[in-house]
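A short write-up of the structure that comes next.
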Amino acid sequence: MTELLAAIRYEDWVLHALIWLPLAGAAHVVASSAERARLVAFGWSLLVLGLSLGLWWAYDPGDGGFAMVSSATWIERWGVGYSLGLDGISIFMVLLTTLTSAVAILGSFEYVKTRRRAFYSLMLLLQTGVVGFFLATDVFLFYVFFELTLVPMYFIVGIWGGERRIYAAVKFFLYTAVGSLLMLVAILYVYFAGDTGSFAYDAFLHAELSLREQLWLFAAFALAFGIKVPIFPFHTWLPDAHVEAPTPGSVILASVLLKMGTYGFVRFALPFFPDAAQHPTVVSTMLALGVVGIIYAAWVAAVQPDAKKLVAYTSVAHMGFVVIGIFALTLNGLQGGMVVMISHGVSTGALFLLLGMMYERRHTRRIEDFGGIGRVAPLFATAFVVTALASIGLPGTSGFVGEFLALLGTFERHPVHAILAALGVVFAAYYMLPMVQRILFNKLDKPENRAFAELSRREIAVLGPLLALMIWIGVHPTPLLERMEPSLQVVLERVEGGEAAAAVPAAPSIGAERGNPAD
Amino acid sequence: MLLDYSSSLHYLLALLPEAVLAAFAMWVLLAGVSRRRSGGLGKETGWLALAGLLVAGVANGWLYSGVAEGGTAAMIAVDRLRLFANWVFILGAGFAIVVALPYVARQKLQAGEYYSLVLFATVGMMVMAASRDLMLIFLGLELMSIAVYALAGYNRRDRRSAEAGLKYFLLGAFASAFLLFGIALLYGAAGSTNLHAISEALSAGAAVESLLGPGLALLTIGLAFKVSAVPFHMWTPDVYEGAPTPATAFMAAAVKAGAFVVLLRIFATGLGTLHAEWSGILWWVSALTMVFGNLVALVQSSVKRMLAYSSIAHGGYLLVAIVAANETAAAGLLFYLLVYTVMTIAAFAVVVTVANQGEGGNRMEDYQGLGTRRPVLSICMTVVLLALAGFPGTAGFIAKYHLLLGAAEASLWTLAVILALTTVVSYWYYLRVAWYMWMRDPPAEGRPTDYVITPFGTRVALVVSVALLVLAGIFPGAALEMAENSIRGIMYLAAPQAGAAGP
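This is the structure:
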């Protein structure tokens with residue numbers, strides 16, 4: 298495999314292809330007929346997925362730095378470059394994106410019935426934005442891609458969504474925009490105050506900033522990414538967007554777009570502002586928000602009558618695990634956070650697809666409208682149970698590996714937070730299992746459910762890869778862990794190598810330093 | 184060639200674009216009169232006006248490519264700032280005329296006079312941008328303003344147009360008086376109306392201090408009125424809404440550009456030494472303009488009026504560049520003006536089209552379901568709205584980013600944050616039009632959108648504008664370089680960090 302990839306000079310062009318091929322696909326979709334649009338889109342996404350799989354073999358973890366680097370000047374006078382690179386963190390995000398995009402497109406064949414050309418071209422456009430975001434190693438470029446993902450998602454939710462789609466779409470857009478525009482100002486601050494001379498990722502790493510500046514800048518970045526994740530008090534856009542979005546929109550939103558937030562923390566916020574990132578106030582705030590998110594979201598999820606809303610809240614809980622894993626600032630914690638990101642992408646994506654299939658068959662998402670589905674559609678029920686178990690983190694599934702590592706990493710430094718967060722795993726069973734029971738088991742007492750169709754071949758093709766991944770990661774996570782370890786180690790060293798602010802226990806709290814960083 | 188102002192012919196050469204355009208303006212006027220006798224619709228006069236702009240553009244290009252002036256003190260400047268601004272005015276006037284062609288014909292307005300007024304206003308802007316003397320600036324400003332007063336009230340059969348014209352005229356005349364008084368006081372203080380001489384007198388400490396303050400204040404008020412900065416913006420929404428839409432497009436884009444170029448010229452070169460005095464006031468004016476313009480635009484139910492308020496907000500963003508007063512900000516201002524002109528006229532072009540070349544269909548509801556019925560028009564409008572909102576991938580983002588860069592260089596962090604946050608506010612009202620177009624179904628009853636027909640000229644203008652906006656959004660290099668060259672050397676630069684005015 299490696300020889301084959303070397304023979305076609307895979308490393309030289311693959312990153313560019315992964316970003317721009319979906320865009321070409323979008324143009325092709327617009328040019329094709331409405332009936333063929335979905336096949337064309339699926340063909341392109343499959344092509345991109347196939348190309349991206351090569352990364353698994355081509356990427357050599359080495360010392361954890363960026364591989365397959367390519368760089369060109371874009372806007373010379375501002376020091377902006379079109380620079381891409383891949384490391385052990387972004388490789389998984391890219392693979393997750395290409396996989397879920399293809400799966401979501403295949404899964405939407407029956408769901409999307411109007412304006413198909415527009416829909417599929419927006420899906421591919423979204424993929425361009427997301428992959429570009431994960432591969433960018435220039436801060437300006439990353440910002441552009443970060444914002445670019447908003448527009449397609451806004452239209453996907455707003456046009457093909459449910460009753461309150463416009464409300465949900467606008468809320469999603471504005472929430473994210475508030476954070477990202479403030480982050481833009483923060484980026485400019487680093488550029489000038491840190492005297493970086495360019496927007497290259499490495500130049501930003503070398504910006505010299507005082508602790509006070511770092512705290513403010515970290516706050517701006519954390520707001521942007523925290524809204525995206527979403528971290529507890531900023532999560533209110535998520536249930537709305539998830540519930541109103543069409544199935545493929547929910548899948549992409551949960552699997553990929555939320556990861557942009559946590560990826561942003563690991564890639565940008567932590568390494569850029571190491572002193573702030575390990576400042577005790579920051580760490581304890583972020584850990585507390587993560588724990589509150591886990592527990593609060595679990596409680597709220599437990600009382601939702603709408604299955605989709607329930608799953609939406611579980612996203613908040615899962616992302617809470619990622620947040621505590623990251624801010625534990627230990628290797629186990631970071632690895633756990635990464636695995637939860639991947640696992641959540643796969644299992645929650647699958648859950649949304651399953652709910653979408655239920656909706657296509659019964660045109661309802663209320664849990665009480667179902668019951669006894671397991672008898673009429675055993676394959677469907679099996680897939681549902683496996684996915685739900687992966688989602689709550691049963692040993693042997695991907696969810697367990699991630700949450701266990703995240704909790705372990707947190708326990709090393711912050712045992713109280715870890716114990717509280719571990720309660721979240723129990724709560725996860727508390728909200729997920731009753732739903733599974735009420736939908737799949739119980740009595741088959743509603744006549745409409747007797748005609749509940751079994752999975753079609755296309756649906757098996759949609760769910761199959763996701764289920765396989767859940768089990769594979771759960772049983773044998775080593776290949777993932779060894780690929781991500783060196784890069785996470787780099788992040789960790791960077792954070793701890795910053796002038797150890799944490800070593801000064803009497804560091805003043807943020808509240809005492811309120812004021813403009815400029816003055 | 185090198186211009187030598189001892190020869191009066193060279194003065195004419197220095198003013199070639201203006202002279203050419205003024206001649207065409209009179210020709211168009213006469214052609215309009217003779218046309219009316221033979222009873223045509225008068226489109227030919229529009230084409231003639233466009234030809235005039237083209238010739239003026241060629242003359243401008245000749246000046247741009249290698250004509251040098253003898254010094255930096257002459258009344259007429261032949262510098263890149265002026266010539267770049269001229270491109271913006273010519274482009275704006277050209278688009279505005281193309282958009283006006285079907286409107287003027289359908290509303291049976293007097294074509295010759297309309298186009299010649301547009302040309303005269305353009306000449307006025309060009310004179311303003313060209314001048315280094317306050318008196319000549321005032322002359323240019325009045326030439327522009329009077330033509331635009333007439334354009335605002337051009338539709339005699341429409342009460343609101345008449346109201347707009349009268350309102351604009353009364354308030355505008357008042358503002359002109361302030362401006363003139365300010366110029367008089369500055370003359371009293373510095374002993375000259377030449378910006379270069381004023382600057383020298385100020386740095387030599389030879390100016391009369393007691394007259395400077397009032398003069399500066401009155402001048403600022405007069406110019407703030409022209410760029411419709413808060414709190415001198417009261418006229419803008421009514422005038423923009425009442426005026427014929429193509430005239431509104433011209434006013435919102437080109438007229439504002441002209442006023443901003445003058446603002447840059449006066450404050451950055453002539454009064455640059457007084458930066459500490461005026462930057463504090465303009466800081467507040469800028470902040471208020473951004474906040475107010477955006478907040479009020481939120482609640483508008485008419486797209487035309489929403490765009491009027493949004494143009495106030497854009498004025499606020501541009502004022503940030505004046506306050507910052509460094510080369511980055513000034514180049515950003517010029518680049519922004521170029522982009523702003525294109526996107527504003529494009530947005531109004533869609534408004535004219537949806538309103539069926541009239542004034543009846545400007546409500547948000549009239550855009551309902553447009554995406555299904557007129558996809559290409561709606562895609563164009565969506566791109567233009569995203570550009571106005573300053574979204575990445577469009578030139579609007581690069582322009583806004585450039586302003587932020589200038590503000591950051593001057594350490595105006597509070598203004599930068601206000602700019603960022605008010606931009607989020609603006610997302611709401613720009614996206615609102617998009618959601619009416621795409622996310623709502625066409626209305627079952629009432630005015631169907633089927634009648635919306637895009638005239639050929641508008642179509643070309645829209646496609647060109649959208650292409651420009653996207654292209655400059657992705658590859659802004661060339662335009663940025665042009666803008667940067669345009670301000671090189673003409674600026675009085677505020678000392679670094681001096682820009683950190685305001686609270």
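Sequence order for the protein chains is V and X.
Note that our numbering has the first sequence beginning at 298, numbered continuously upward.
Note that our numbering has the second sequence beginning at 184, numbered continuously upward.
Beta carbons are placed, not taken as given, at the ideal position from N, Cα and C, and that holds for glycine.
Residues bridged to residue i [DSSP beta-bridge criterion]
i	result
Arg546/X	Ser485/X
Val378/V	The sequence given here places Gly at residue 378/V; Val does not occur at that position. According to DSSP, which records beta bridges pairwise, Gly378/V is partnered with Thr370/V.
Asp316/X	Asn377/X
Leu383/V	Ala364/V
Ile259/X	Ser314/X
Beta carbon of residue i nearer than 8 Å to that of residue j
i	j	result
Ala551/V	Phe649/V	yes
Gln575/V	Val792/V	yes
Ala260/X	Ala206/X	no
Trp461/X	Thr403/X	yes
Phe607/X	Val475/V	The sequence shown places Val at residue 607/X, not Phe. Yes.
Ile381/X	Ala373/X	yes
Gly455/X	Gly476/X	no
Leu317/X	Thr228/X	no
Val637/V	Gly653/V	no
Gly699/V	Ser688/V	no
Leu274/X	Gly235/X	no
Exposure label - residue i; buried when at least 16 CB within 10 Å
i	result
Arg811/V	Below a pLDDT of 50, predicted positions are generally treated as unreliable, and Arg811/V, at 38, falls in that range; the measurement from the model is reported next regardless. Exposed.
Lys439/X	buried
Pro568/V	buried
Met298/V	exposed
Ile305/V	exposed
Phe518/V	buried
Ala684/X	With a pLDDT of 39 at Ala684/X, under the threshold of 50, the predicted position of this residue should be treated as unreliable, though the coordinate-derived value follows. Its Cβ being crowded by 16 or more others within 10 Å, Ala684/X is buried.
Gly453/X	buried
Leu301/V	exposed
Thr411/V	exposed
Ser368/V	exposed
Gly808/V	Confidence in Gly808/V is poor, its pLDDT being 38 and thus under 50, which makes the residue's placement too unreliable to answer from.
Lys487/X	buried
Glu796/V	Its pLDDT being 47, under 50, Glu796/V is placed unreliably by the model, and the measurement read from it follows with that caveat. Exposed: under 16 other Cβ atoms inside 10 Å.
Ser495/V	buried
Contact with chain V by residue i, beta-carbon distance below 8 Å
i	result
Glu592/X	yes
Ala681/X	Here Ala681/X scores only 39 on pLDDT, less than 50, and its place in the model is too uncertain to base an answer on.
Pro200/X	no
Thr177/X	Residue 177/X is absent from the model: chain X starts at 184 and stops at 686.
Glu667/X	yes
Leu354/X	no
Leu378/X	no
Gly307/X	no
His193/X	no
Arg671/X	no
Phe518/X	no
Leu663/X	yes
Alpha helix (DSSP H) segment containing residue i, residue limits
i	result
Met417/X	Looking at the DSSP string, Met417/X is not in any alpha helix (DSSP H), and its letter there is neither H nor E.
Met583/V	Pro577 to Ala599
Asp309/V	Tyr307 to Ala328
Phe339/V	Ala334 to Ala355
Leu717/V	Pro712 to Leu737
Short CB-CB distance (under 8 Å) between residue i and chain X
i	result
Asp309/V	no
Gly671/V	no
Ile463/V	yes
Ile316/V	no
Ile372/V	yes
Ala474/V	yes
heavy atom of the ligand ATP below 7 Å from residue i C-beta
i	result
Ile402/V	Among the components of this structure there are no ligands whatsoever, and the ligand ATP is therefore not found.
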